[in-house]
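Participant: For reference, the structure I am asking about is given below.
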Amino acid sequence: MAKPPASVEALTERYGPHLNYAPAGGWQDESVHPAERLVKTHCCFCGQQCGIQLKVRENRVIGFEPWEEFPFNRGMLCPKGVKRYLQGSHPDRLLDPLLRTDRGFRRAAWDEALDFTARRLREIQERHGKDAVAVYGGASLTTEKSYLLGKFARVALGTRHIDYNGRLCMVSAGTAYKLAFGVDRSPIPWSDILNAQVLLIIGANIADCAPITTDYVWRCRDNGGKLIVVDPRMTPITRNADLYLPVRAGTDLALLMGLLHVVLRDGLENRAFIAERTVGFEAVAESVKSYDPRAVAEKTGVAPEAIEKAARWFAQADRAIALHARGLEHHSKGVENCLAVINLCLAIGHLGREGAGCAMITGQGNGQGGREHGQKCDQLPGQRPISDPVARRHVAQVWGIRPEEIPQGGLTAVEIMEAIHRGEIKGLLSICFNPLVSLPDANFTHEALEKLEFLGIIDFFLSETAHYADVVLAGSLQEEEEGVGCTAEGRVVHIQKAVDPPGNARGDAMIICDLARRLGKGQYFPYGNTREIFEELREASRGGIADYYGITYEKIDRQMGVFWPCPTLDHPGTPRLFEGGKSFHPDGKFHFVATEWRESGDPVGDDYPVYLTTGRLVGHYLSGTQTRRIGALVDQHDEPWLEIHPRLAMRYGISDADWVTVTTRRSEITLRAQVVRTIRPDTVFIPYHWPHGQSANRLTHRTLDPRSKIPEFKISACQLRRADGAPEWARRKGGA
Amino acid sequence: MFGYEFYVDPSRCIGCQSCVKACEECETHRGRSMINFDFIDRRNTIATAAYVCWHCDEPTCAEVCPADAIKKTEDGVVQSSLKPRCIGCSNCVLACPFGIPKMVPEYEQMMKCDMCYDRTSVGKRPMCATVCPSQALAYVKPEEIARRPEKATNLFHFGNQRITTQVYMMVPPDRDSVSVDVADYIWEGEHAAVPAS
């Protein structure tokens with residue numbers, strides 16, 4: 001049983017999070033010992049993957065310098081990017097493998113830790129079958145590591161069950177774009193945003209989650225573009241919105257269908273585009289018939305006039321772009337929500353031209369690249385469906401195995417945790433994932449982790465999930481292994497190795513290869529470095545949708561990134577998709593897909609009368625494993641809070657800074673109120689970056705979108721009450 | 737400097753505090769941020785604002801300093817107080833109409849934004865404006881800022897005090913200056929200070 005071997009307090013005392021404020025040697029050290037070199041690479045935090053130069057001295061990253069020549073961000077960085085350099089020589093950094101003991105963890109030699117890991121995985125598989133072991137990956141891994149992990153699961157372990165934390169991020173958009181376009185990538189490069197006459201930003205808190213995109217939005221407005229923002233909260237980009245639609249949480253679909261209703265009612269659709277380039281229009285037109293602005297207003301809480309205006313602005317512009325992110329996608333109808341955006345763009349013909357289209361704003365560090373080459377349960381490298389016999393043959397040939405040896409598709413991330421809870425999956429190897437904080441219904445995750453017979457973790461810090469581990473293999477930060485990432489734009493960028501892993505920590509890729517050798521499959525993992533993995537990945541993706549064959553590390557450096565698909569070495573890459581008017585579907589058409597309204601999986605009603613929505617803050621990244629250890633970022637946001645409108649606060653007798661207990665059908669947590677007029681009066685918001693008693697995900701639920709299997713993080717039903725005093729976590733924090 | 741000017745546009749600020757964090761990385765005062773950052777009124781608005789020192793042509797902070805500790809470089813950058821001269825009286829803190837200088841008790845010295853003098857004096861851009869994701873702080877050539885619909889001004893009125901600065905504020909295109917006092921809009925007779933536009 002994988003119970004933590006010591007209390008949370010004891011493990012936190014030993015392994016952090018502790019706060020690192022200053023670079024190794026202190027603030028003044030650089031004036032005495034200047035950097036030896038600057039390494040041009042990319043930020044590890046978020047899908048923008050901004051260019052940055054890391055200052056290196058004596059195998060340590062000691063600071064950063066903006067990289068102004070990199071075209072995407074031109075030197076710009078958010079606070080996470082500014083402070084990311086403080087991780088490498090962090091006192092919490094794991095420098096050796098750890099093995100669990102009765103009282104905590106002890107340091108172990110690599111041979112012992114790897115032998116133990118391989119033996120336990122093999123024992124479980126021999127006793128309970130191959131699929132009794134699952135693998136969790138992460139979208140912050142380089143694309144090489146993501147590829148390698150997919151191959152490791154399927155070839156070395158032979159399990160069906162590998163999935164990744166991008167399941168909590170991009171999959172609704174990815175599923176919708178594949179259904180409509182046959183490809184999962186933003187159709188536009190970000191430079192197109194500058195040329196749009198209208199921007200429709202729906203469910204995307206750009207200022208906090210994709211800060212550099214703000215500059216593109218503002219420059220669009222400088223050029224005369226109009227900005228429409230759709231969100232239950234006024235996020236910072238709303239300050240310059242020309243039109244703000246305060247949509248009720250969970251009703252985006254109705255709003256989008258209402259916009260299309262107005263477009264079709266007023267004859268603003270592009271008949272030629274629909275006739276020549278698309279299929280499926282009639283069913284979609286039929287589906288929006290009842291969505292007149294008055295009915296939509298009742299459902300969404302957005303005024304009918306505002307719906308009319310937004311529809312006209314978007315449809316009457318020659319060039320308009322719709323941008324969306326997790327606010328639209330984290331729903332049990334997340335795929336429908338994204339399809340409704342696509343249907344709107346297709347009906348007007350906003351696609352395949354400069355300044356026109358729709359785009360998902362990918363969230364995680366390598367959110368795009370991490371989902372293209374094989375750690376998704378249903379995909380093989382090159383965005384190939386794992387069920388496709390042709391794809392299986394191609395990949396099997398690259399891997400040197402028979403197609404039937406590749407397992408079929410397995411369970412998704414949340415489903416894997418549920419199978420662990422049911423006792424069907426008994427062993428888990430996890431890298432770059434902190435499910436205790438990031439999965440919905442955290443108490444359930446806690447129960448499931450305790451049921452595991454074996455939990456192996458590869459990570460550079462001891463995450464809250466790693467408290468449950470039998471073995472922790474000390475892995476590498478992004479800047480400690482060379483590779484590539486793919487940005488939100490679809491631009492493949494080069495992650496440079498700046499330093500070696502410190503102490504006895506090792507590169508993740510080499511750890512995985514060593515495990516494969518111990519599982520008797522070393523011949524399939526002969527790589528001496530990550531460049532050799534990339535060479536194989538190029539072949540494995542060749543002819544696929546995400547075709548990387550024409551991309552090399554050198555070409556990326558020369559061109560400041562290469563947009564895929566890039567099928568040949570002399571191909572420049574493809575910044576904008578669909579310019580020939582053709583989709584990636586075999587028929588070349590863009591597919592309208594009709595959408596249908598469904599209620600949330602956690603309905604608001606008399607018993608739980610308030611909408612709860614969750615999200616991110618600019619200073620923290622995902623489960624906070626990294627950013628909760630960086631002093632300057634913790635100073636910016638040191639604990640979660642409850643955002644609540646004064647009207648709702650008054651109903652419950654809550655004043656600013658009061659302690660409030662939030663209860664859902666799963667659990668409750670207590671945190672401070674921040675009373676603000678910038679959120680709908682029927683909705684409260686909690687940021688999710690924290691564990692245990694501060695965990696927003698103790699409150700969320702496991703309802704999944706039936707196609708994308710994304711959890712419905714953005715809407716839960718809750719009760720509120722003013723708490724008598726500070727919760728236990730706050731008393732401990734206060735030193736009481 | 738080197739053809740670049742510093743422009744501040746609070747309406748672009750998204751409150752991310754990248755400038756605050758990056759300022760700490762500036763070599764002349766590493767570990768200490770000199771950015772003035774405000775949530776204007778978080779209860780009622782998402783508006784935030786980040787400022788650097790405006791680097792006045794005739795700096796009030798230097799004029800009121802009894803120890804003559806605040807110096808301006810030849811290229812117009814107003815520096816932190818000179819440590820050997822500063823007596824820690826806080827006159828500058830109280831007098832600056834923009835509220836920029838800060839007394840740092842552990843150093844017994846006034847410190848303020850020096851426009852990343854180590855960087856800007858050699859042709860590099862200051863940390864804050866280079867990283868700012870919304871370009872609310874921008875250090876660019878005038879022709880680049882001219883692409884924005886707003887206008888740049890470096891003329892401020894604080895009551896009867898008229899200040900011109902090195903750093904520009906972006907204002908609506910029909911304005912020529914920034915005025916913060918109702919008195920600026922009042923006719924006070926022929927000999928009073930010129931009213932703001």
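As you go down the protein sequences, you meet chains A and B in turn.
Terminal number for the first sequence in my numbering: 736, no gaps in between.
Terminal number for the second sequence in my numbering: 933, no gaps in between.
For every residue, glycine included, the Cβ atom is placed at its ideal position computed from N, Cα and C.
Buried or exposed for P97 of chain A, please, with buried defined as at least 16 other CB atoms from any protein chain shown within 10 angstroms of its CB.
Facilitator: With 16 or more other Cβ atoms within 10 Å, it is buried.
Participant: Locate the alpha helix (DSSP H) running through L121 of chain A, then write down its first and last residues.
Facilitator: Note, L121 of chain A: alpha helix (DSSP H), 110-128.
Participant: Rounded to whole angstroms, what's the CA-CA distance from K289 of chain A to A594 of chain A? Just pull it up for me.
Facilitator: Each residue's alpha carbon lies about 12 Å from the other.
Participant: DSSP on F281 of chain A, reduced to helix/strand/coil?
Facilitator: It is helical.
Participant: Measuring CB atoms only, is the stretch 203-218 of chain A touching the stretch 860-871 of chain B, in the sense that at least three cross pairs come out at less than 8 Å?
Facilitator: Contact holds: three or more Cβ-Cβ distances are below 8 Å.
Participant: Does any C-beta atom of chain B lie closer than 9 Å to the C-beta of R677 of chain A?
Facilitator: Yes, contact with chain B.
Participant: Assuming the contact rule is C-beta atoms closer than 8 Å, S541 of chain A and Y549 of chain A should be a hit. Round their C-beta distance to whole Å, please.
Facilitator: About 6 Å; that satisfies the 8 Å criterion.
Participant: Report the neighbours of K83 of chain A on chain B: residues whose CB is nearer than 7 Å to its CB, in chain order.
Facilitator: The contacting residues are K757.
Participant: G150 of chain A to G137 of chain A, Cα distance in whole Å?
Facilitator: Rounded to the nearest angstrom, the two C-alpha atoms are 9 Å apart.
Participant: Hey, C338 of chain A and A176 of chain A are a contact pair by Cβ (cut 8 Å); roughly how many whole angstroms apart?
Facilitator: That belief holds up - the Cβ atoms of C338 of chain A and A176 of chain A are roughly 3 Å apart, short of 8 Å.
Participant: Can you list the residues of chain A that A783 of chain B reaches, using a CB-CB cut of under 8 Å?
Facilitator: Within chain A, the residues near A783 of chain B are R239.
Participant: Does V662 of chain A come out as helix, strand or coil in the three-state DSSP assignment?
Facilitator: In the structure shown, V662 of chain A sits in a strand (DSSP, three-state: E or B).
Participant: Short of 8 Å in beta carbon distance, which residues of its chain neighbour V296 of chain A, apart from the five on each side in sequence? Order them along the chain.
Facilitator: Closer than 8 Å at the Cβ level, and outside the excluded window around V296 of chain A, lie A254, L255, M257, G258, H261, V302, P304, I307.
Participant: Anything in chain B within Cβ reach of V618 of chain A, meaning under 7 Å, just list it in chain order.
Facilitator: Correct list: C752.
Participant: Just to confirm my understanding: we take P407 of chain A, look at its own chain, exclude 5 residues before and 5 after, and list those with CB closer than 7 Å. What are they?
Facilitator: So the qualifying residues of the chain are R154, G158, T159, R160.
Participant: Drop a sphere of 10 angstroms on the beta-carbon of R531 of chain A, count the other beta-carbons inside from all chains shown, and report buried for 16 or more, exposed for fewer.
Facilitator: Answer is exposed; the Cβ neighbour count stays below 16.
Participant: Measure from the C-beta of C220 of chain A to each C-beta in chain B and report whether the shortest distance is under 9 Å.
Facilitator: Chain B, which has no Cβ nearer than 9 Å to the Cβ of C220 of chain A, makes this no.
Participant: Going by DSSP in three states, C44 of chain A sits in which element: helix, strand or coil?
Facilitator: Three-state DSSP puts C44 of chain A in coil, outside helix and strand.
Participant: Check the Cβ of S31 of chain A against every Cβ in chain B and list those closer than 7 Å, keeping chain order.
Facilitator: Result: E763.
Participant: Would Q496 of chain A and K55 of chain A qualify as a contact pair, given that the criterion is a beta-carbon distance under 9 Å?
Facilitator: Their beta carbons are not under 9 Å apart, which means Q496 of chain A does not touch K55 of chain A by this criterion.
Participant: Please report how far the alpha carbon of A466 of chain A lies from the alpha carbon of L569 of chain A, in whole angstroms.
Facilitator: One C-alpha to the other measures close to 42 Å.
Participant: For L264 of chain A, I'd like the list of residues in its chain whose CB is within less than 6 Å of its CB, leaving aside the five on either flank, ordered along the chain.
Facilitator: Around L264 of chain A: A285.
Participant: Out of A:V675, A:P603, A:G653, which has the shortest C-alpha to C-alpha gap to A717 of chain A?
Facilitator: For the residues A:V675, A:P603, A:G653, the minimum Cα distance to A717 of chain A belongs to A:P603.
Participant: Looking only at C-alpha atoms, which of A:Q478, A:E712, A:W729 sits nearest to S332 of chain A?
Facilitator: Out of A:Q478, A:E712, A:W729, A:E712 has the C-alpha closest to the C-alpha of S332 of chain A.
Participant: Taking G129 of chain A as the reference, which of A:H394, A:I425, A:H571 has the closest Cα?
Facilitator: The candidate whose alpha carbon is nearest that of G129 of chain A is A:I425.
Participant: Considering only C-alpha positions, which residue in the set A:A35, A:P5, A:H42, A:R665 is nearest to M560 of chain A?
Facilitator: Selected option, being the one with the closest Cα: A:H42.
Participant: Identify which residue in A:H645, A:T663, A:E482 has its Cα closest to the Cα of S655 of chain A.
Facilitator: Residue A:H645 is the option with its Cα nearest to S655 of chain A.
Participant: Would you call the CB atoms of L99 of chain A and D470 of chain A closer than 9 Å?
Facilitator: Going by C-beta atoms, L99 of chain A is nearer than 9 Å to D470 of chain A.
Participant: Interface residues of chain A around T856 of chain B at Cβ under 7 Å?
Facilitator: Residues of chain A passing the Cβ test: none, with the nearest at roughly 14 Å.
Participant: Rounding to the nearest angstrom, what Cα-Cα distance links Y921 of chain B and Q897 of chain B in this structure?
Facilitator: So the two alpha carbons sit approximately 14 Å from each other.
Participant: Going by the DSSP bridge assignment, what does P66 of chain A pair with across the sheet?
Facilitator: Beta-bridge pairing links P66 of chain A to A:I52.
Participant: Could you work out which residue in A:A180, A:H421, A:D705, A:A320 is closest to D192 of chain A when comparing CA atoms only?
Facilitator: Checking every option, the nearest Cα to that of D192 of chain A belongs to A:A320.
Participant: Rounded to the nearest angstrom, what separates H421 of chain A and F534 of chain A at their Cα positions?
Facilitator: Going from the Cα of H421 of chain A to the Cα of F534 of chain A covers about 36 Å.
Participant: Distance check for V907 of chain B and R167 of chain A, CA to CA, integer angstroms please.
Facilitator: Spanning the two alpha carbons is a distance of roughly 45 Å.
Participant: If we call anything under 9 Å between Cβ atoms a contact, is L200 of chain A one with Y216 of chain A?
Facilitator: No, the pair does not count as a contact, with Cβ atoms beyond the cut-off.
Participant: Verify whether the separation of the beta carbon atoms of I511 of chain A and L86 of chain A is less than 9 Å.
Facilitator: Going by C-beta atoms, I511 of chain A is not nearer than 9 Å to L86 of chain A.
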